[in-house]
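Data first, discussion second: the structure below is written as structure tokens.
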Amino acid sequence: MIELRSLSFGYPGQSVPVFEGFSWVVEPGECWAVLGPSGSGKTTLLYLVAGLRRPSSGKVLVCGEEAGSSALRGKVGLVLQDCGLLPWATVRDNARLGLRLRRLPSVQREAGYARLDAWLRRLGLEGLQGKYPAQLSGGEKQRVALARALVLEPQVLLLDEPFSALDVPMREELQRLVRGLWQEMGNTLVFVTHNIEEALFIGQKVLLLRRPPNRSAHVIENPLAGASSQQWGMREPGLMQELRSFLAEGRGL
Amino acid sequence: MKGRRTVLGVAILLALWALAAAALRMPALPGPLPVTYEFLRGLLGPLGRHLLASAARVFASIVLAGLVAIPAGLLLGQSRFADRLFSPLIYLLHPIPKVVFLPIVLVLLGVGDLAKIVLIALVLVFQILVVVRDAAANLPKALVDSVRSLGASHVALLRFVYLPACLPSVLTGLKLGASTAVAVLFFAESFATRAGLGYYIFVDSWGRLAYTEMYAGVLAMSLLGLLLYSLFEWLERRLCPYLYLH
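Protein sequence lines, in the order shown, are assigned to chains A and B.
Using the working numbering, you'd call the opening residue of the first sequence number 1 and step up by one each time.
Using the working numbering, you'd call the opening residue of the second sequence number 254 and step up by one each time.
What follows is the structure in structure tokens.
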């Protein structure tokens with residue numbers, strides 16, 4: 001579903017590339033968490049998969065197509081940390097933006113709007129359709145961003161630290177929601193976070209990124225995805241400690 | 254509350270004016286009552302025609318300035334290359350009082366309406382261009398990226414992101430430029446024309462020492478500036494309601 005082949009990428013003016021000959025494969029329907037310290041390239045990885053950045057060498061393939069190609073329009077959904085909602089548009093207009101951009105025939109567009117209504121109801125946003133983002137809580141904004149991405153029925157859903165600014169109860173509620181949606185829809189999910197508990201709750205597999213340059217993919221299989229942190233503590237006592245040490249090393253501690 | 258304050262401000266201004274007129278007893282300073290009477294009477298006669306001519310010129314200037322400045326500001330705000338190329342020129346020209354270009358504009362475009370419209374538009378172009386460029390350049394990159402990730406083309410980004418993001422800046426530029434535009438209008442209409450409030454105030458009324466008519470013209474010009482400002486504020490409330498959330 002997602003394949004990075006000998007990918008290299010660096011930002012102009014930075015001597016060290018973020019990725020150098022990096023390869024990684026995500027199979028269809030898998031749920032991945034990407035974990036790493038700040039500056040390790042987690043967001044860059046998602047931007048490369050979404051086609052918003054171009055690799056300096058190597059390839060990024062999504063559904064067999066080069067990332068960013070027009071054939072992938074609507075197949076890849078991206079939800080960002082700050083939601084990326086338009087401040088001048090209402091909840092409804094923000095949520096239907098992807099549908100409007102696709103220039104669908106009127107029948108399909110109407111079907112899309114009906115689907116959107118269902119998503120807004122499901123995500124508890126029905127009564128907020130006329131509100132602007134400034135009138136919403138952090139959790140509500142993220143739900144709108146999710147609705148905007150989900151209504152396009154993406155085959156790949158990329159989430160970039162979507163819940164990092166939320167309080168713990170809200171974050172846990174949305175984590176359960178995202179995991180439940182993935183189980184129900186069966187699409188491919190890549191969830192970026194710097195929070196170990198979140199990564200272990202969401203990801204069947206966890207990709208670990210270090211301080212750049214990242215040359216190889218360090219992957220941890222996580223059979224306890226979806227379980228509570230107490231269960232991890234009992235069944236995988238060393239895992240949390242191992243990941244904590246990894247993050248500390250990644251920060252150069 | 255704001256309306257009450259405005260009424261109070263107008264009342265204080267009128268009272269001070271009436272007091273000054275009563276104290277000085279000069280033909281050059283008629284009181285507010287005869288001026289208001291002359292203004293209302295004149296609206297159905299020559300003053301109304303001059304007001305319409307001035308309003309038409311200033312509206313044409315706003316449209317012309319918008320057509321030039323908004324696309325140019327969006328281009329400079331999005332393209333580092335274009336910004337690097339043209340910014341020195343803008344910084345050089347922006348602080349120059351545009352009325353000094355009047356002789357050049359007259360030589361190039363003649364003494365008709367077009368020259369006056371272009372001169373006023375010149376004043377507004379820079380005010381709008383600079384704020385639109387800054388608004389487009391300072392738009393959060395993540396916002397643009399999130400809309401691009403939905404499959405937005407460059408045209409769609411302009412329509413759904415850049416234009417609405419810059420709209421408040423355009424209206425702020427127009428609000429700030431309204432009084433300057435009216436001042437330049439007065440100057441531009443004070444010669445080589447027989448229509449417009451500038452001609453009515455400066456050439457016709459003042460030339461005949463018809464002070465009451467002159468003050469009625471000044472009142473009309475002030476109201477034109479106020480109307481322009483109120484129009485842009487109304488448009489801002491109408492088109493950018495998210496700026497007025499409580």
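Beta carbons are placed, not taken as given, at the ideal position from N, Cα and C, and that holds for glycine.
When 8 angstroms is used as the limit between beta carbons, B:ALA405 is near these residues of chain A: LEU101, in chain order. Nearest in C-alpha terms to B:LEU327, of all of B:ARG386, B:TYR482 and B:GLY478, is B:ARG386.
Bounds of any alpha helix (DSSP H) do not take in A:THR90, whose DSSP letter is neither H nor E. Look at B:ILE349 here: in three-state DSSP terms it is coil, with no helix or strand label. For A:TRP119, no chain B residue has a Cβ inside 7 angstroms of its Cβ, as the nearest lies near 15 angstroms away. Residue ranges of uninterrupted alpha helix (DSSP H) with 4 or more members, entirely inside the segment 137-174 of chain A and ordered along the chain, are 138-150. For B:PHE379, no chain A residue has a C-beta closer than 9 angstroms to its own C-beta; the minimum C-beta separation is roughly 25 angstroms. Beta-bridge analysis with DSSP links A:HIS218 to A:LEU208. Minimum Cα-Cα distance from A:THR43 among the listed residues A:ALA217, A:GLU3, A:GLY238 and A:PHE191 corresponds to A:PHE191.
With respect to A:GLY84, B:SER399 sits close: the two C-beta atoms are nearer than 8 angstroms. Any Cβ of chain A closer than 8 angstroms to the Cβ of B:PRO417 would place that residue at the interface, and such an atom is present.
Note: A:GLY10 is not bridge-paired with any residue in the DSSP secondary-structure output.
Taking 8 angstroms as the threshold, the shortest C-beta distance from B:ASP398 to chain A falls below it. About 11 angstroms separates the Cβ atoms of B:PHE440 and B:LEU450, ruling out a contact at the 8 angstroms cut-off.
In the structure shown, the three-state DSSP call for B:GLY404 is coil. Note that the C-beta distance between A:THR193 and A:ALA33 is below 8 angstroms. Taking the CA atoms as reference points, B:LEU411 sits about 19 angstroms from A:GLY51.
Collapsing the DSSP output to three states places B:ARG447 in coil.
Classified as exposed, A:LYS59 has fewer than 16 neighbouring CB atoms from the shown chains inside 10 Å of its CB. Under the three-state reduction of DSSP, B:GLU291 is assigned to helix. With contacts defined by Cβ atoms closer than 8 angstroms, A:GLY238 and A:VAL151 do not form a contacting pair. Rounded to whole angstroms, the separation of the alpha carbons of A:GLU20 and A:GLN14 is 13 angstroms. When the Cα atoms are used, B:TYR415 and B:ALA389 turn out to be separated by approximately 6 angstroms.
By the Cβ test, the segment 331-350 of chain B is not in contact with the segment 419-429 of chain B, since fewer than three Cβ pairs between them sit closer than 8 angstroms. Among the residues of chain A, none has a CB under 7 angstroms from the CB of B:VAL423; the nearest is roughly 13 angstroms distant. By the rule that beta-carbons nearer than 8 angstroms mark a contact, A:ALA67 does not touch chain B. Beta-bridge partners of A:GLU3 (DSSP): A:VAL25 and A:LEU61. Under the three-state reduction of DSSP output, A:GLY127 falls in the helix class. Within the segment 453-475 of chain B, no residue places its CB atom closer than 8 angstroms to a CB of chain A. The continuous alpha helix (DSSP H) containing B:PHE312 extends over residues 299-331. Of all residues in the segment 135-154 of chain A, only GLN135 place a beta-carbon less than 7 angstroms from a beta-carbon of chain B. Contact check for B:ILE370 against B:ALA313 passes: the beta carbons are separated by less than 8 angstroms. Contact of B:TYR497 with chain A by beta-carbon distance below 7 angstroms is absent, the smallest such distance being about 10 angstroms. If you check each beta-carbon in the segment 256-289 of chain B against every beta-carbon of chain A, none falls closer than 8 angstroms.
The continuous beta strand (DSSP E) containing A:ALA33 extends over residues 31-35. Closest in alpha carbon position to A:PRO162, among A:LEU181, A:GLY138, A:PRO169 and A:TRP182, is A:GLY138.
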